[in-house]
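In the UniProt record's numbering, the protein residues as written are 1 to 236.
Now the structure itself:
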């Protein structure tokens, strides 16, 4: 569906005498977000004031999410700033979606800046906030920053999950830090964080790049055993 701005207005006005509400546009924006139609989502948000509808945190968050899914980090940041200037109450979802946009766009400095600004906005970063920022550092080749964020999570009593650890292990793998990658892998085991294929692959690759083939083979065998165990349990 290729909507222009006037088409969006016309579709919202069409017959039936239905009273328009903010929720109508928000549902439309959310639908566009799921379909990765970020341009259409933006157009819907833009026409809301013309339809005498006030964009709120939900409609803005849905549009930022659409931009995030469409790989449009600049647009996501512009919307985030528009919320601030328009005095629309930001929430954790607003920040998380914008951080994720920066992560997908390879903009790790912007992701970190947003994460650090959250307390100033009286918002508490959660596991999604930190994980997205760690992933941004991983993509940017910033393994020391990734480790700092993982440690900050523990200090803030935010429990790292498999996504947090996987991103940090991958950051170490890309940075040639096989010892750190293994240390994180073992921390997952001891902390009873469910290991997945990404966890194993990143740790194996880190050992291989570090010239520790024996350790890499041990991990490979451990992964195969874990997969066999999981398959057996599933078939019971």
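Think of the CB as a built atom: it goes at the ideal place given N, C-alpha and C, for glycine as much as any other residue. Note that the structure is predicted; figures quoted are calculated from it, not measured.
Boundaries of the alpha helix (DSSP H) around residue 166: 162 to 174.
In chain order, 29, 41, 42, 45 and 79 place their CB closer than 7 Å to the CB of residue 63, counting only its own chain and leaving out the 5 sequence neighbours on each side. The residues 195, in chain order, have a CB closer than 8 Å to that of residue 189 in the same chain once the five nearest residues on each side in sequence are set aside. Here residue 194 carries a coil assignment [DSSP, helix/strand/coil]. A straight-line Cα-Cα distance of about 7 Å links residue 128 and residue 96.
In the DSSP annotation of this structure, residue 118 is not part of any alpha helix (DSSP H), being labelled neither H nor E. Closest by C-alpha distance to residue 102, out of 140, 83 and 120, is 140.
Per DSSP, residue 47 is one residue of the alpha helix (DSSP H) stretching across 38 to 47.
With distances taken between CA atoms, residue 132 lies nearest to 162 out of 120, 199, 162 and 186.
Around the beta carbon of residue 211, fewer than 16 other beta carbons lie within 10 angstroms, which makes this residue exposed.
Here residue 105 is buried: its Cβ has 16 or more other Cβ atoms, across all protein chains shown, within 10 Å.
In the three-state scheme derived from DSSP, where H, G and I count as helix and E and B as strand, residue 77 is classed as helix. The Cβ-Cβ distance between residue 88 and residue 56 falls below 8 Å.
If you draw a 10 Å sphere on the C-beta of residue 70, you find 16 or more other C-beta atoms in it, and that means buried.
Exposed is the label assigned to residue 229, since fewer than 16 other Cβ atoms lie within 10 Å of its Cβ. Pairing residue 202 with residue 166 gives a Cβ-Cβ distance under 8 Å.
Secondary structure of residue 181 (DSSP, three-state): helix.
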